[in-house]
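Take any residue in the sequence shown, note its place counting from 1, add 4, and you have its number in this note's numbering.
Glycine is no exception: its CB is placed at the ideal position from the N, C-alpha and C atoms.
Note that this is a predicted model, so its numbers are computed, not measured.
Accompanying notes for the structure given below.
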Amino acid sequence: MSDVALKAAEVGRIKDLLFGEERRVLTQVQQLVSRHEERIGTDDRLQQSVSQIIALALRDAQITQHEQLAAAISPLVMAGVKREILNSRH
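Quick look at the structure:
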């Protein structure tokens, strides 16, 4: 191995020792950002992701907190029904 190649290999080993952990952490952060970009990178993706989460949360609340969920949602439902009844008369 030539002197230049040997020094280059040594420099590479030193870089790995000094920056190896940071490089691994940076790679993990890049992968995490990529996964988030895939899931919520556009308005449509974000809307789809959030709507799925809300649907699951409502389903779980229906099972575990039925009365609280009904109390929170019923005014909205009743207002919508009243509005539809009034609009159907016109």
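DSSP state of residue i, grouped into three classes?
i: Gln35; result: helix
i: Ser6; result: coil
i: Gly45; result: coil
i: Gln56; result: helix
i: Gln51; result: helix
i: Gln66; result: helix
Hey, residue i and residue j are a contact pair by Cβ (cut 8 Å); roughly how many whole angstroms apart?
i: Gln66; j: Leu60; result: Between Leu60 and Gln66 the Cβ distance is about 11 Å, and since that is not below 8 Å, they are no contact.
i: Ile44; j: Leu50; result: 4 Å
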